[in-house]
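Here this note's numbering = 1-based position in the sequence shown + 97. C-beta atoms are modelled at their ideal positions from N, C-alpha and C, and glycine is treated no differently. In what follows, a single structure is set out as structure tokens and then discussed.
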Amino acid sequence: MTIPILPADEAAPAPQRDIQHYMRPGLLQLRALPPLSLYVHLPWCLKKCPYCDFNSHAVGGASALPEARYLDALRADLEAALPLVWGRPVQTVFIGGGTPSLFSPASIDQLLGDIRALLPLTAGAE
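In structure tokens:
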């Protein structure tokens, strides 16, 4: 059996469907959509480890972090995604990076407050 190989410009494009296509009524046969897990990426470290392949960036220290601007951008991203997750509770919030502990306790508190204000959390959310 031979597999035809076509130059990329001759191949038929794959159909483009967004998540709304798959979430329209009747397509999913679920009683309710499953709960979500939320991952929040804080991509800064004191130094970049040679083995790390995550999107992370070295900073000179915690005072060099653009905490307020980054939190504003995270909230804007979350607000933009709300129509895609409406009505689905969050059961787990993961905060990774980078080194999330470089962010001040006040910034982490603001981040978690924004998440609580915008998304419904399950009773035992972690």
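For residue i, which residues of its own chain have a beta-carbon under 6 Å away from its beta-carbon, when the five flanking residues on both sides are left out?
| i | result |
| --- | --- |
| THR189 | SER134, GLU223 |
| LEU216 | VAL187 |
| ILE192 | VAL137 |
DSSP three-state label for residue i, please.
| i | result |
| --- | --- |
| LEU209 | helix |
| SER204 | helix |
| LEU130 | coil |
| LEU139 | strand |
| LEU199 | helix |
| LEU216 | coil |
If contacts are defined as beta-carbon pairs under 8 Å, then residue i and residue j qualify, I think. What distance do you get, rounded to the angstrom?
| i | j | result |
| --- | --- | --- |
| SER204 | GLU164 | 5 Å |
| LEU130 | ARG166 | Not quite, the Cβ-Cβ distance comes to about 33 Å (not below 8 Å), so this is no contact. |
| LEU179 | ASP211 | Not confirmed; about 12 Å, so no contact. |
| LEU225 | LEU171 | Nothing can be reported for residue 225, as the shown portion of the chain is limited to 98 through 223. |
Within a Cβ cutoff of 8 Å, which residues of the same chain sit near residue i, ignoring the five residues on either side of it in sequence?
| i | result |
| --- | --- |
| VAL156 | TRP141, CYS142, LEU143, LEU162, LEU199 |
| GLY194 | HIS138, LEU139, PRO140, TRP141, CYS142, PHE151, SER153 |
| THR219 | PRO132, PRO186, VAL187, GLN188 |
Apart from the five residues on each side of it in sequence, which residues of its chain come closer than 7 Å, Cβ to Cβ, to residue i?
| i | result |
| --- | --- |
| VAL182 | LEU133 |
Segments assigned alpha helix (DSSP H), at least 4 residues, entirely inside the stretch 155-192: Counting whole runs of 4 or more residues, the stretch 155-192 contains the alpha helix (DSSP H) stretches 164-182.
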